[in-house]
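First residue of the sequence shown? That's 7 in the working numbering, and the numbers climb one at a time after it. Here a beta-carbon is modelled for each residue, glycine too, at the ideal position from N, C-alpha and C.
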Amino acid sequence: MNNLNSLLNINEVFIYSYPEMLFNMIIAFIVGMVISWIYKITHRGLSYSQSFVLTIVFVTLITSMVIMVIGNNLARAFALVGALSIIRFRTVVKDTKDTAFVFLGLAAGLAAGTSNYFLAISGTAIISVIAIILHYTDYGSLYKSEFIIRYISKTGKDDLHSKIIQEYTKSSSLLHVEPTGDGKAVRISLDIEMKPGVSHQELVVNLNKAENISDVLLIASKSDVDY
């Protein structure tokens, strides 16, 4: 038994002093706040959640605490794995990029918890700069999109709506066409990019004034939108 205890270091005390523990937590909090702020300014789409932003900060802090609890004690590591396996996370991550920020929080928390302050701060700074650059350069986008416009047009009528859209937009792409319940009209969805100096409000007003067109809806689409 003594040999087993010696092997697993069951009786070993914490390897961190109290001031070092506090400093590790402070560093973890700072890098967690930076990561959450970068997530806020680079987020795109309609799935933004304040609770997820707070989760990033908490994950960084909790990871720092967990790694300090484990230290170099193998028995504590197994005990924590068993304890944490009780927790079940049911929340579905809507954006794959959100997973990357969770992993960044975990990595930063691990670095801070093991007193690797340079790695925690420099790693967070470098990845944050890269995230901002990719965000503002719109890296990975296949085409530029500004708005998605939807409206109902009666079938068998003239193509007045196309003329109005061409007058105000630089480009337009058909996304969706669906007949209404009575079969006398169609719901049309277009991805549009406005001409320079042209107001999107004018487009909506003129479409609403046009004959045989109704229910005009304009959706901002400078980010990912499900349609």
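Per DSSP, the bridge partner or partners of residue i
i	result
M200	T175
F153	I198 and A226
I219	S159
V192	S159 and P185
L180	L196
Buried/exposed call for residue i, threshold 16 Cβ in 10 Å
i	result
A226	exposed
L209	buried
L60	exposed
F84	exposed
L203	Note on residue identity: the sequence assigns Gly, not Leu, to residue 203. Exposed: under 16 other Cβ atoms inside 10 Å.
N267	Missing from the structure shown is residue 267; the chain here goes from 7 to 233 and no further.
I21	exposed
Cβ-Cβ distance between residue i and residue j below 9 Å
i	j	result
S159	N218	yes
I170	L213	yes
L112	T48	no
E184	V192	yes
R156	L125	no
G115	V75	no
E152	H206	yes
| message | Does the contact criterion of 3 or more C-beta pairs under 8 Å hold for the region 67-81 versus the region 114-122? | response | yes
Exercise for the section: Enumerate, from N- to C-terminal direction, the unbroken alpha helix (DSSP H) stretches of 4 or more residues contained entirely within the region 119-143. Expected result: 123-142
Practice task
Would you check if there are 3 or more beta carbon pairs closer than 8 Å linking the region 132-139 to the region 29-44?
Solution key: yes
Would the region 24-36 and the region 100-109 be scored as touching if the rule is three or more Cβ pairs under 8 Å? no
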